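In my numbering, the protein residues as written are 1 to 190. First comes the structure, then the notes that go with it.
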């Protein structure tokens with residue numbers, strides 16, 4: 001599979017109380033083609049809204065896929081991949097970089113009551129993670145895909161990853177932009 005013509009990469013960079021989201025449209029050749037920014041609450045439940053805000057700010061009908069840097073930014077402010085997919089009407093996938101027994105034990109340690117129940121509902125709605133790389137890989141990558149077959153999502157991610165890099169370009173550039181947005185906001189606050 002060839003990479004989609006344009007992919008929206010979404011990443012977050014946390015400050016003390018707010019996480020700074022960046023959405024970067026990246027062409028198949030790795031060229032950035034648009035930026036948008038939003039914020040969500042560290043420890044909140046509005047990360048999906050921030051992702052949607054980035055999408056709406058860009059207003060780019062030519063985007064074919066959406067790639068998210070994980071599903072639990074901003075201290076377990078979970079991204080609801082199904083809601084994101086339904087809202088933007090594009091295939092959505094989240095990439096993670098560590099083998100894990102799952103987030104449920106950490107969620108139970110960090111939250112209780114309604115806050116835990118809300119996060120467990122979103123977490124349990126997520127599709128299973130599928131390995132992108134061979135099991136013996138020293139730097140594993142995993143994908144959760146909605147609206148696209150996980151193998152097709154994996155192929156798109158591989159096609160958007162430059163030689164020698166672990167992250168695909170949409171996520172690499174979105175992470176850089178989110179970090180710069182957080183640093184600029186900190187500078188503006190002083």
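We treat Cβ as the ideally placed atom computed from N, Cα and C, and that holds for glycine. The structure presented is a predicted model; accordingly, all values stated were derived computationally and were not measured.
Check	Outcome
Buried versus exposed call for residue 169 [16 or more other C-beta atoms within 10 Å across all chains shown]	buried
Residue 96: first and last residue of the uninterrupted beta strand (DSSP E) it sits in	92-96
Minimum C-alpha distance to residue 108 - residue among 174, 120 and 93	120
Same chain only: Cβ atoms within 8 Å of residue 127, ignoring 5 sequence neighbours per side	81, 144, 145, 146 and 150
Range covered by the alpha helix (DSSP H) that runs through residue 8	Residue 8 -> not in any alpha helix (DSSP H); beta strand (DSSP E) instead, spanning 6-14.
Buried or exposed (CB count within 10 angstroms, at least 16 for buried), residue 102	exposed
CB-CB length for residue 97 against residue 148, believed under 8 Å	20 Å between Cβ atoms; not a contact.
Reference residue 36, options 163, 178, 43 and 186, closest by Cα	178
Of the listed residues 63, 38, 24 and 13, nearest to residue 72 (C-alpha basis)	13
Cβ-Cβ distance between residue 58 and residue 34 below 8 Å	yes
Member of 100, 115, 141 and 2 whose CA lies at the smallest distance from the CA of residue 205	Since the first residue shown for the chain is 1 and the last is 190, residue 205 is missing from the structure and cannot be characterised.
For residue 122: DSSP bridge partner residues	For residue 122, which the question treats as bridged, DSSP gives no partner whatsoever.
Inter-stretch contact (C-beta, 8 Å, three-pair minimum) for the segment 132-142 and the segment 40-55	no
Where the alpha helix (DSSP H) containing residue 179 begins and where it ends	169-189
Opening and closing residue of the beta strand (DSSP E) in which residue 159 lies	Counting along the chain, residue 159 falls outside any beta strand (DSSP E), though it belongs to the alpha helix (DSSP H) covering 150-159.
Close-in-space but distant-in-sequence residues of the same chain around residue 75 (CB under 6 Å, 5 per side omitted)	42 and 43
Option in 19, 21, 26 and 17 with minimal Cα separation from residue 157	26
Sequence-distant residues of the same chain with beta carbon closer than 7 Å to residue 53, five excluded per side	38
Three-state secondary structure (DSSP) of residue 60	coil
Residue 9, buried or exposed, once every other Cβ within 10 Å from all chains shown has been counted against 16	buried
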